[in-house]
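Here is the structure we will look at.
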Amino acid sequence: MSTIETIESLAERQRAYFKTGATIDVDFRVDALVRLRKAIKRAEPLIIEALAADLGKSSQESYMCEIGLTLSELRHQLGHVRAWAAPQRTRTDIANFPAKSFTIAEPYGTTLVMAPWNYPFMLCMEPLIASIAAGNCCIVKPSAYAPATSSAIAAIVEDAFDPAHVAVVEGGRAENAALLEQRFDFIFFTGSTTVGKLVMNKASEHLTPVLLELGGKSPCIVAADADIDLAAKRIVFGKYLNCGQTCVAPDYILVDEHVCDAFVEAVKRHIVAMFGEHPLENPWYGRIVNRKHFGRLIGLMEPDKIAFGGAFDTETLRIEPTVITNVALTDAVMQEEIFGPIMPIIPVEDMEEAERIVKSMPKPLALYLFTDDASLQDRFLRFVPFGGGCINDTVMHIATSHMGFGGVGASGMGSYHGKKSFDAFSHEKSILKKETWLDTPLRYQPYSKAKETLVRALLR
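Using this note's numbering, you'd call the opening residue of the sequence shown number 17 and step up by one each time.
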């Protein structure tokens with residue numbers, strides 16, 4: 017069979033399986049999640065090996081940023097799925113007396129999860145976990161740019177599930193295109209804004225709802241009153257984690273000009289403290305995913321603007337943590353999401369200028385603000401649009417199941433993690449259950465002035 021015929025057959029098989037009603041049962045969902053957890057734990061050495069092969073990730077980073085976060089989210093879903101799947105009582109307005117109102121979380125049906133290469137395990141598994149918890153069937157499409165992890169995911173899913181319930185489709189553009197031709201009931205996509213537009217366009221042909229986790233240039237603002245040393249330490253962590261290949265990494269840094277020099281020096285110190293004098297020799301420091309992205313990043317580094325780092329190894333696709341200064345907003349590095357270990361630092365006259373710069377660009381996925389000034393915090397939180405973020409930290413807002421994570425505008429639509437994930441993969445069905453022992457005549461013709469008076473008294 018051709019790729020298209022194979023994918024069509026798989027999608028049809030999952031639609032048929034969903035129609036049996038097997039996935040509706042909450043015990044079925046819990047059992048599936050438990051099997052997935054066991055399969056992940058059995059495959060942990062394979063996952064770590066795969067992430068090292070694809071991205072050069074260390075064992076600790078692989079567990080901390082991928083396996084551990086996945087298991088934590090799985091544990092959270094298992095602990096709450098029964099309560100979330102149960103009918104939820106709501107208030108009933110007086111116009112519907114006597115009755116009771118409630119909502120039911122109904123699974124969409126067959127779902128598609130399309131994952132990126134930068135966190136190739138976690139960003140496949142977390143949406144899959146939500147799809148299963150919500151009672152759906154699911155096809156997972158890992159990134160072809162992370163082939164070892166894609167293979168590991170396929171092995172884990174095959175170990176845990178009947179392919180009529182959950183299956184993995186590996187491959188590249190041909191498989192992506194074939195999948196997007198199918199009729200799914202919900203699509204979850206993580207990746208670039210450009211491809212996100214294509215996914216949304218193809219989904220519109222079937223009126224399929226989508227959740228898009230995209231990217232953008234996430235700003236980091238450092239005010240004059242910030243703890244400069246701590247700010248630099250936490251920004252260095254967030255910026256160079258996974259060699260900068262993180263969708264919520266601080267993309268560029270806007271620093272009050274009065275503390276900019278001190279901040280640059282602090283950044284240099286913390287780069288050395290974390291990665292050593294020779295980061296390219298650090299076994300815990302990863303690499304760029306492929307030669308294409310490596311070449312793009314090298315092209316963004318203007319030699320006369322490099323204030324620190326800048327060395328690279330073409331053979332191993334590694335680039336040192338790099339700091340660039342004297343950056344203009346018109347420079348190439350400010351025209352696209354960097355997605356690599358390059359930190360542009362731009363001094364600003366004041367926080368008003370920082371706000372104007374951020375608001376002149378498309379709405380970012382994340383924003384980070386370093387200040388202890390409560391009024392300044394309130395200003396950015398209330399008047400600057402962004403998906404989510406941190407005050408006095410970077411990146412860590414995504415490491416929780418108790419808040420949703422998602423973008424806005426060009427950085428995405430919809431959110432997930434914890435209850436938000438369950439809700440994302442569910443349709444909320446609203447039900448009014450009316451009693452039969454009383455039937456008020458106000459809504460029925462013939463109408464009268466007395467009826468209208470009572471209607472007006474009730475509906476105001």
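Think of the CB as a built atom: it goes at the ideal place given N, C-alpha and C, for glycine as much as any other residue.
What does the alpha-carbon distance come out to for the pair residue i and residue j?
i    : j    : result
Q198 : E24  : 7 angstroms
D178 : L257 : 36 angstroms
A193 : K436 : 28 angstroms
E369 : V271 : 10 angstroms
L383 : S208 : 18 angstroms
K445 : P123 : 10 angstroms
Y463 : V156 : 57 angstroms
F118 : D439 : 15 angstroms
S159 : F279 : 37 angstroms
R459 : F441 : 37 angstroms
R189 : V288 : 40 angstroms
G254 : P266 : 7 angstroms
A180 : V226 : 22 angstroms
S220 : V275 : 49 angstroms
R326 : T224 : Checking the sequence, you will find Gly at residue 326 rather than Arg. Approximately 45 angstroms, taken between the alpha carbons.
D47  : M290 : 42 angstroms
F355 : A66  : 21 angstroms
S431 : H413 : 13 angstroms
L296 : R307 : 16 angstroms
T410 : E28  : 43 angstroms
E191 : Y161 : 13 angstroms
K375 : C259 : 27 angstroms
T469 : M216 : 48 angstroms
A59  : T346 : 47 angstroms
Can you check whether the CB of residue j is closer than 9 angstroms to the CB of residue i?
i    : j    : result
L62  : A131 : no
Q30  : C154 : yes
L316 : A348 : yes
G423 : L230 : yes
G83  : F44  : In the sequence under discussion, the amino acid at residue 83 is Ile, which differs from the Gly named in the question. It is not a contact, given that the beta carbons lie outside the stated cut-off.
S75  : A68  : yes
L128 : I203 : yes
Y135 : T262 : yes
R303 : L333 : yes
I447 : I40  : no
E205 : G125 : Residue identity check: residue 205 is Phe in the sequence provided, not Glu. No.
A55  : V173 : yes
G420 : G405 : no
G212 : L196 : no
V305 : L71  : yes
Kindly indicate the opening and closing residues of the beta strand (DSSP E) around residue i.
i    : result
I304 : No beta strand (DSSP E) holds I304; DSSP gives it neither H nor E.
E229 : V226 to E229
D272 : Y268 to D272
Q104 : Q104 to T106
F205 : F202 to T206
G430 : Unbroken run through G430: none, as it is neither H nor E.
C153 : C153 to K157
Which stretch, first to last residue, makes up the alpha helix (DSSP H) that contains residue i?
i    : result
K436 : K435 to A440
M290 : C276 to F291
P163 : P163 to A176
Y33  : T19 to K35
K255 : I244 to Y256
Assuming residue i and residue j make a contact with CB atoms under 8 angstroms, what is their CB distance in whole Å?
i    : j    : result
L49  : A149 : 6 angstroms
F328 : I314 : 6 angstroms
A242 : A282 : That pair is no contact at about 10 angstroms.
G151 : P380 : Not quite, the Cβ-Cβ distance comes to about 34 angstroms (not below 8 angstroms), so this is no contact.
Please report whether the beta-carbon of residue i lies at a distance below 9 angstroms from any beta-carbon of chain D.
i    : result
K284 : The displayed structure is made up of one protein chain only, and chain D is not part of it.
The segment 352-365 contacting the segment 222-238, beta-carbon criterion three pairs below 8 angstroms: yes
Using 8 angstroms as the Cβ pair cut-off and three pairs as the minimum, do the segment 103-122 and the segment 451-462 touch? yes
Given 8 angstroms, three or more beta-carbon pairs between the segment 396-405 and the segment 414-433: The segment 396-405 is in contact with the segment 414-433.
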